[in-house]
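Data first, discussion second: the structure below is written as structure tokens.
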Amino acid sequence: MTLKLDKEIINRAKNYAESKKISLSKLIESYLHLLTKESASIDKISPLVESLSGVIVLPEKYDDKNDYADYLTEKYK
């Protein structure tokens, strides 16, 4: 198999693999394995999380960014 990649990315990947004491081939194989795993095993929701779904009800006009900014402003006065 032949891949064409940017040289800088190759160098960074080699350095990363070396720092983890694995080969670049093994690094790429592991990454591709992770990408191609069956999504069903990743998407399973635990019974606890499923039981908590819908417990929190937010007000209709909930604005998380402004509310959080207000919270931080109040916290760090």
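The sequence shown lines up with residues 154 to 230 when you count with my numbering. For each residue, glycine too, the CB sits at the ideal point set by N, CA and C. Bear in mind the structure is a predicted one, so any value in this text is a computation, not a measurement.
Worksheet item: Could you give the distance in angstroms between the alpha-carbon of E171 and the alpha-carbon of I181?
Response: 13 Å
Item to complete: Name the residue from G207, K190 and I163 whose alpha carbon lies nearest to the alpha carbon of S178.
Response: I163
Worksheet item: Where does D223 sit, in a helix, a strand or coil, going by DSSP?
Response: helix
Worksheet entry | Unbroken alpha helix (DSSP H) run spanning E171, endpoints | K160 to S172
Worksheet item: Just reading off the alpha helix (DSSP H) that L185 is part of, what are its end residues?
Response: L177 to L188
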